[in-house]
Amino acid sequence: MVAPKKGKSASAQSKPGRSLALILIAIVALTGGMFASGHTTPRLGIDLAGGTSITLRAVPEAGQESAINKTNMDTAVDIMNRRVNGLGVSEAEVQTQGDRNIIVNIPKGTNSKEARQQVGTTAKLYFRPVVATELSGANATGSPSPSETGGASDKATDKATDKATEKATDGDKATDGDKASGTPSDSASASATSQGRAASDALKADPSPSAKSSGGASPSPSASASGDDAAAKVQQQYAALDCTDKGARAKAGEGAKPTDSTVACGQNAQGQWQKYILGPAAVDGTDVNKAEAVFNTQTAAGWTVTMKFTDKGSKKFADITGKLAQNQSPQNQFAIVLDNEVVSDPYVSQALTGGSAEISGNFDQEEAQGLANVLSYGALPLTFKEDSVTTVTAALGGEQLKAGLIAGAIGLALVVLYLLFYYRGLSFIAVCSLLVSAGLTYVLMSLLGPTIGFALNLPAVCGAIVAIGITADSFIVYFERVRDEIREGRTLRPAVERAWPRARRTILVSDFVSFLAAAVLFIVTVGKVQGFAFTLGLTTLLDVVVVFLFTKPLLTLMARRTFFASGHKWSGLDPKALGAKPPLRRTRRPSRPAGPVDPKEA
Amino acid sequence: MSKLGTLGARLHHGEVGYDFVKNRKIWYGISILITITAIVGLAVRGLHMGIEFQGGAVFTTPKNMSASVSQTETWAEDASGHDAIVQKLGDGSLRIQIAGTDTQQSDQIKEDLSKNLDVPAEKINADLVGPSWGDQIANKAWQGLGIFMVLVVIYLAIAFEWRMALAAFVALIHDITITVGIYALVGFEVTPGTVIGLLTILGYSLYDTVVVFDSLKEQTRDITKQTRWTYAEIANRSINSTLVRSINTTVVALLPVAGLLFIGGGVLGAGMLNDISLSLFVGLAAGAYSSIFIATPLVADLKEAEPQMKALKKRVLAKRAQAAAKGETTDSAADEGAYDADEPDDAAPAVVGPRDQPASRGRGRGRPSGKRR
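So the sequences go chain by chain: A and B.
To get this note's numbering, take the position in the first sequence, counting from 1, and add 528.
To get this note's numbering, take the position in the second sequence, counting from 1, and add 276.
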């Protein structure tokens, strides 16, 4: 099965130098790569570096078991990533695990409590009318903010107010000037195309009278009911808001109720931060039934996002779009707000009553899909439950790492001592091979950190330590074979070559089983078991590489040295000590049948 | 040279050897006994599942705490309203286990504890586990176990044959049962670390078995063409010739695990390292035992039931009877064909079974030692 034909060994044996050179080059190249990439140590997992690790389990809504699928989970991961990293957390990591778990790893030094709250709550997706918007940050902060506080306070949230409109458009103009510097002429249209995205009715419905009538009754009642204070507060917040600051961004609109006006930040198509005053939520994320990215071939609009609303949502959406369509820019826009961040702000040109809508703009595929994901999240029939939360202080993490390393060192030392005691000179080769194997494992682990996100955790360290045994066993299999050949009365060099094909087969078969175990565990299991399985699998593979390219050639080379070839007392290959028979007398029956006379397994 | 080396040589030459296969009934008996004990222990005592499997919280304080265990216990129970178990670890830190709380509640408990113990909350390590997380880990582990077993049986059936696959499978079950049984009887706590260890045993146990089978397969390749040894005898020979390797492997595998156990148990007091290495330690021992005493004899049993092998056994026995009648002198001449060759030419001892089968075999024993050259 795994065993190659015997004859092949001849070619390998003749050029031991070549294999040695090959593995040496590989080691040098990998080590060079490691230093070049700047990741000279393996990335440490939470339990060794300290931090918080949260495992979330997706719970589908009743009767919707199928909601747990890859697309939905990926969307959820996207959203959580956005949230956790919005906290100003450095390198927080969100990934799916298994089919229904999401792991959030938050490194030490961040407020794990806040992060947990963020992760634990369900996402809030709202469609809010835009009241005012402008570029935020150093280049745009000065202009409108100081003037508006007084006058606008009374009715700032009511979009009918002239002042607000004016100011907003002013702000918008400034925006356009900033980003579309080449075409300052037509500010209104520029704002529409570059920043707002046109939401057109997919069904091409006419602006209906109902939309008009409802347009009069704006969503403002709640705002006016909450009083001037609230509006003034929003204005103040808006004025103070600097969206280029990560911390401020995270705090913007914190704790705002859906029925209140609020401020929020968002990134426009140019990647600039923009701040918004937003009216009360008009449509809930849960009102979205389905959203997907579509490549529109008919209108040459390129990538667009289509949304379908639920019955309730359709009505709400028709209402809001009807009202918005009558307004000037930017108040004809609605903002799609996810967790208080504006992810898109399409403008509306007509009431959309069909229960579905299409958002177009200069999307590329990725953008369109991202937006569709965000929109579907509101409709994601999943909630997430905390399954486990592990907080490890940096002190304990360091201690565990130290303990793991000491355990590994002790294990390695014991194995080396045993090999030394049992195999004497031969153990030189085994120890060299173990070191090569250990070095390769280390380098690969360092390299796999940035490439596939591998993080060394405690179980992974255990896996590596346990693997010392597996690696050493390959040498034992081979050495025992060689010694058996010597016991047959062969001299060392033929013994080394004769032993190899059979030892090779045994090594391959047993390593395969070991690898199979690791692979199955890695694919099927969750959590800590996975890290363990990964290292076990990796080291098993390395074991094969090292035995083939290093141990065997090295032994071939060493067999040429008198120390080993003459069977020195300390070489571990002393025929007398091994109880070898006197030299062969093969003259009598030279034609021995090949099959049954094979020497035994090691 | 070390004694094992000499033993290896003697085993290799068949000068010594233990008839594992012949005494298999004893080993089967012992194994069945152990297995029954394990199952009874499991049924009566059950497994002591850790917090990770029942849901709850484990808090670990920094080193050198002054608070007493009983005082902390009271605090923890007051804060949680559940029973708390407090242990003082080797380095003076406290390990507080509270079962049955949910993750939200645990935050409050942590705050209370930090106040009472006068330790900042950030300095307390917390492991909060929801009740279903453990189930999920366990379920996944069982699933992995199942898939692995199916795959490995298929692989062994292809690489070797179904009888060997079956025997390896039985040996595997045997190892797992024993390990789980010991956990139940001794009352070790079962944690995800234990599960990891248990799953690793799978690989190891089979690893050992596979090496013996590989040797067995090679030695029995042309078994029907000779009439000197029965399958069981060759199987026994395989075990004996791989014995040194098995011992070495087990020792080499146990050494790092012992290092882990020492560090995990002695220095850290408790935790993942300890749990993994403990179950590995138990499992490795069971694995080494089963590949020698259970798997191979079982293959021999299964093989001997085959009509071909039955016929072979009959022929072999007939030949021996004949040889015994003729006397020892004609002994080697009586062997036929290829097997004739390796008598004088001991360089090829390959298929030659255990040369000194127990005296009852009546052959080989009495040979003049000169023959051996």
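Using N, Cα and C, we set each Cβ at its ideal position, and we do this for glycine too.
Remember, predicted model here, so these are calculated numbers, not experimental data.
The three-state secondary structure of Asn890 (chain A), taken from DSSP, is strand.
For secondary structure counted as the alpha helix (DSSP H) over 4 or more consecutive residues, the segment 561-631 of chain A holds these complete runs in sequence order: 574-577, 598-614.
In its chain, beyond the 5 residues on either side, Ala792, Gly794, Tyr804, Ala863 have a beta carbon closer than 6 Å to the beta carbon of Val870 (chain A).
Closer than 8 Å to the CB of Glu580 (chain B) there is not a single CB belonging to chain A. Residue-level contact by beta carbon fails for Glu593 (chain A) and chain B, as no gap is shorter than 8 Å. For Val446 (chain B), no chain A residue has a C-beta closer than 9 Å to its own C-beta; the minimum C-beta separation is roughly 16 Å.
By alpha-carbon distance to Gly326 (chain B), the top candidate from B:Tyr294, B:Ser342, B:Gln373, B:Ile312 is B:Gln373. Between the segment 554-563 of chain B and the segment 292-302 of chain B, the count of Cβ pairs shorter than 8 Å is below three; the stretches do not touch. Counting along the chain, no alpha helix (DSSP H) covers Ser567 (chain B), and no H or E run does either. In the DSSP assignment, Phe436 (chain B) falls outside any alpha helix (DSSP H), carrying neither H nor E. Residue burial is scored here from C-beta neighbours: Leu474 (chain B) has at least 16 other C-beta atoms within 10 angstroms and is therefore classed as buried. For Trp505 (chain B), no beta strand (DSSP E) encloses it, and the DSSP letter there is neither H nor E. At a cut-off of 8 Å between beta carbons, Lys1056 (chain A) contacts chain B. When secondary structure is reduced to three states using DSSP, Glu582 (chain B) falls in the coil class, being assigned neither helix nor strand.
Secondary structure in the segment 1006-1085 of chain A: the alpha helix (DSSP H) runs of 4 residues or longer, each lying completely within the stretch, are 1020-1052, 1056-1074 in chain order.
For Asn824 (chain A), the uninterrupted beta strand (DSSP E) segment begins and ends at 816-824. Residue state for Tyr294 (chain B) is assigned as coil, using DSSP reduced to three classes.
For Glu927 (chain A), the enclosing alpha helix (DSSP H) covers residues 922-951.
If you draw a straight line from the Cα of Leu574 (chain B) to the Cα of Trp418 (chain B), it comes to about 25 Å.
Within 7 Å of the CB of Trp409 (chain B), the CB atoms of chain A belong to Thr583, Asp915, Ser916, in sequence order along the chain. Its Cα nearest to that of Ala352 (chain B), the residue B:Val334 stands out among B:Leu537, B:Gly368, B:Asp498, B:Val334. DSSP places Arg300 (chain B) in the helix class (H, G or I) of the three-state scheme. In the pairwise beta carbon analysis, the segment 882-891 of chain A is classified as touching the segment 828-844 of chain A: at least three pairs are separated by under 8 Å. At a C-beta separation below 7 Å, Val943 (chain A) has these neighbours in chain B: Val528, Leu531, Pro532. Taking C-alpha positions only, Thr518 (chain B) is separated from Arg1033 (chain A) by approximately 15 Å.
Residues of chain A whose Cβ lies closer than 7 Å to the Cβ of Gln419 (chain B) are, in chain order, Val1052. Contact annotation: Val971 (chain A) and Pro532 (chain B) have beta-carbon atoms that are not nearer than 8 Å.
In terms of Cα proximity to Asp577 (chain B), the closest of B:Ala460, B:Lys590, B:Gly559, B:Ala443 is B:Ala443.
Against chain A, the CB of Thr336 (chain B) has a partner CB under 8 Å away; the residue lies at that interface. Between Tyr459 (chain B) and Leu1044 (chain A) a beta carbon distance of about 25 Å is seen, past the 8 Å cut, so the two are scored as non-contacting. Annotation for Gly473 (chain B): the continuous alpha helix (DSSP H) segment containing it runs 468-495. The Cβ atoms of Ala1046 (chain A) and Gly479 (chain B) lie closer than 8 Å to each other. Where Phe1091 (chain A) is concerned, the enclosing alpha helix (DSSP H) starts and stops at 1090-1093. Annotation: Leu584 (chain A) to Ile634 (chain A) spans about 13 Å, alpha carbon to alpha carbon.
Annotation for Glu398 (chain B): no alpha helix (DSSP H) segment contains it, and DSSP assigns it neither H nor E. Around the Cβ of Thr467 (chain B), a 10 Å sphere holds 16 or more other Cβ atoms; the residue is buried.
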